[in-house]
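In our numbering, the protein residues as written are 175 to 1377. Idealized CB from N, CA, C, for every residue including glycine.
Written out as structure tokens, the structure reads:
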């Protein structure tokens, strides 16, 4: 039997027929093609059901448990729990099972609730009503019942239920307007087109009579790509084939606007729609803190195994003597004696593993998850990052990387729309070297557009006038701008001017709108596109009509776009506009040198430039162009490559007309943000597709480059003069020489590097030579390390990601952040450790694919320097504290084995073992990790250099980890031996019980363990209280409430005989212990001794070698001290000015203090500042000292007081 054939059939059935062919055939209205046309092959497609949920009712429990136990910590505790069930262990299985059950249950409930919400959202979408054309009538059905081939009618303001091919619309030209804000965030109206052969079918009956098939590609996630063709059958004639592209495809989730209704056919449904294919989750990013946690966990696992091995070996060494076989009260059975020694040793090893397993903090993972999830809301709630214009604030797409915001070393930023506003304004244009400026100023008066042209070019000759008209017509025709009359757009009425309707322009590109509006100011107005004719109003108020024949769309590779039009005189013209690098090589005539000089001058000034050219096509040339375009558009395979080849053939031998200059203003506070990032120790790189001169001007304006910065160029122009090898080694020698000089000199020269895309490709180009690219790459990285800023211009989107990947993979492995606002930035955002998207005007693709989204570039300062700083110090303390308190918890248990004959006797009661990490010590550290502020927000903003103190994961390095571990071991030794010496001298009481002579306390195993545990709980909680700098009422409530809860629980646990327990070993133990006065003194003494070393260490470090953060804390305390000293003055009498309108001269703190040194208030403040080491006087931010008629008035949070 041929098993391969059977396997293929089964696979095709399971996977789906569409995966076995390169394209699919859609039968419109499910009608078979006419006989003899083609074979009717019905294909299986999914229904229109959307499933975003992860679980079902049946697979939730097994699937969720499988995912949770894939985590090492959960799996480890499951193994420990099973060991406790199988063998005789010293602790109850409840001690491991209950915490594990709690963790698993809470996580499952959280994930189940989130998935239930997804189920509800799916149901609401799948049950949405949809109108379908069946047998000439419109039938209403539910969305999930749609099938590929159904003809759907969509009305205005309705959302498309699946991916549709437009057949016809209520507009006579077969167009419709769509907003795709839910897909890519672009709120502008996009125009979509019906095929000319189907646009006449405008009623249900006519659409139902359509006989056609659609051949198209299989589903692809790319929102902007679609390849297909429609075959229309008319009677017995050959089918008419028409190309279909992205301009014909209406995507699921988009909304129909300004169109009464449309008819369209479903081509992709359900999970095959482009929106659903974009649900794919991004690759998981792991923070440096998480990696440190896993490394520390491995160390503690080794410690755990070592403890178990040591105790097992010592147990058998101690029991080697026959008289030490077992204690008299714990005789082994005969069966146990006969077991092999290896089996007994392995069983004891597992028992010790169970006894010491609490050193691995399973609850730490739950606490970290809760801290990340709850902490992420602080970014969302931050009012400083709310943008009034957008009406939105910052968004958190993933909370797993919060602490990574505090570890960034490299920032990669886009330019347009990120550093700049992406709000274009037309500045000027140049035609054959002559400059045209709208609304030029002459003799103090603003001239009209026409006057300004006449002023600049008062007597143009025939040739110049012809080129001038062609230039302005080119900019009025070569675009994809839509013209709107007075209409309601997204609920806002627009286009009303002085009571009468006017037109306004909408486009997905702000550059195009700026150019068309600029032409309007210069006297040439683009009116509309009607019946495939573009209408413009020239400066003589005459309407000119041009038939739009073809549009050669813009793409980022060609960097240009073209239109082919036919004038009313019958002349066919091709107008082309694009970047200078893509236009100049294709120009054969025109004043190239004059225009090129003007373009370079505008680029140096930071303006965005475009060049404009044209070509007159003869009938033969036009027919040839049509042939190339039609052939490429009808191709189902490699359509994009064929179109690019056709465009390349058509866009040749152009005549240069001129160039335009558009200004893109720098975003508010962009320069301040970059300066702060530099002070924080971050290196900022700008990655842009703009030309070098424009990008360099923006870098100077944003303070990325300073006037003192020495610019190093690694560009194509330089590598043409010298070899790449020579240029790289020359630049490397330059920076290395300067670095050696700067080591001897205080003044260090600042370097900035400029590299373009072509040179970067050469540097990164793979080669067979062993000494080539590898060395080039290392030399390039060495140059970059010694530059404070780098500008990469002429970058393709993929090159941006390559740059980020190159820096990530360097030997230092720095933490990288990428920020951008457009679709071309998505690749680098996904590549970087942290990706931030800006909610800009280039759509929301960057924001959707990012880890965090912010409205403006200026908000990067706070999200890094404040939120990132806080997140890192909070979670670093959380991780170290968890390991510390678990060492304090388990090491006394390890020491106790030396005093109980290694009998695996637990030191603590089962309830204490179970609740230590769940209840007694969990809430204080969770709250600390949410609200702690070691320095104020204002200080972090004012002193960005504090960010350097936490760089390179400084709080989770191995020395710090070892310090916390050693501190935990020291405290554990104090707990155990301090309590042990209190029990040192014991005597029998009259009733036969043991009592200590020095404490008069009942002696017993559980009393000893309870005393140790009490000291433990109080010490670790007070240790956290000592580390807390920012106290609120909730801190007090949680910390002191946790200690109170422990005391109350212990009293209840030992004060009542619980009927469900088969033992009452803790009965009256806690109360009897607290009844002893020396026990109270011992508890206080042991807590003090345990905390003393850490306090002494902190005091000495602050006094001898304080960090920048500790100095900032000292300044804050000094200011608060001055405020506290001056606050009583507010209760003294207040002098009011006799005139309510008396003015006050506002001065800076330094000016006010130097003005009246004889006054007591300035003298007191200056004295305090001098005593504190001459702190910066500007740290007195709570005060506004101002001069009045009577002297100084100081302003604090209290009432006004005049001294």
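Residue of the options minimising C-alpha distance to residue i
i: residue 447; options: 1219, 224 and 1154; result: 224
i: residue 480; options: 533, 1145 and 244; result: 533
i: residue 1117; options: 1219, 426 and 852; result: 852
i: residue 756; options: 705, 825 and 1269; result: 825
i: residue 386; options: 905, 364, 880 and 200; result: 200
i: residue 879; options: 382, 865, 891 and 848; result: 848
i: residue 984; options: 958, 969 and 690; result: 958
i: residue 1023; options: 523, 1036 and 995; result: 995
i: residue 791; options: 780, 747, 832 and 804; result: 747
i: residue 603; options: 477, 1092 and 689; result: 689
i: residue 229; options: 679, 280, 291 and 261; result: 291
i: residue 423; options: 281, 521 and 399; result: 399
i: residue 647; options: 710, 703 and 1050; result: 710
i: residue 986; options: 752, 721 and 1125; result: 1125
i: residue 1005; options: 336, 896 and 971; result: 971
i: residue 749; options: 469, 833, 652 and 488; result: 652
i: residue 342; options: 366, 373, 470 and 330; result: 373
C-beta contact flag for residue i and residue j at 8 Å
i: residue 547; j: residue 486; result: no
i: residue 440; j: residue 340; result: no
i: residue 576; j: residue 549; result: yes
i: residue 426; j: residue 449; result: yes
i: residue 578; j: residue 989; result: yes
i: residue 436; j: residue 325; result: no
i: residue 371; j: residue 705; result: no
i: residue 1056; j: residue 538; result: yes
i: residue 954; j: residue 902; result: yes
i: residue 392; j: residue 310; result: no
i: residue 1183; j: residue 1082; result: yes
i: residue 1105; j: residue 1206; result: yes
i: residue 574; j: residue 459; result: yes
Rounded Cβ spacing between residue i and residue j (contact assumed at less than 8 Å)
i: residue 836; j: residue 601; result: 6 Å
i: residue 1282; j: residue 1119; result: 6 Å
i: residue 1028; j: residue 568; result: 5 Å
i: residue 992; j: residue 1003; result: 5 Å
i: residue 354; j: residue 428; result: 5 Å
i: residue 865; j: residue 968; result: 7 Å
Residue i, buried or exposed, once every other Cβ within 10 Å from all chains shown has been counted against 16
i: residue 761; result: buried
i: residue 390; result: buried
i: residue 1148; result: buried
i: residue 1271; result: exposed
i: residue 1080; result: buried
i: residue 206; result: exposed
i: residue 597; result: exposed
i: residue 1218; result: exposed
Euclidean distance between Cα positions of residue i and residue j
i: residue 1053; j: residue 1084; result: 25 Å
i: residue 888; j: residue 928; result: 6 Å
i: residue 885; j: residue 925; result: 6 Å
i: residue 338; j: residue 582; result: 44 Å
i: residue 1064; j: residue 1153; result: 15 Å
i: residue 461; j: residue 1007; result: 8 Å
i: residue 296; j: residue 226; result: 7 Å
i: residue 1265; j: residue 1145; result: 8 Å
i: residue 776; j: residue 734; result: 19 Å
i: residue 304; j: residue 442; result: 16 Å
i: residue 769; j: residue 781; result: 15 Å
i: residue 484; j: residue 1077; result: 13 Å
Proximity test, residue i beta-carbon vs the ligand FMN heavy atom, cut-off 7 Å
i: residue 417; result: This structure does not include the ligand FMN; it has no bound ligands of any sort.
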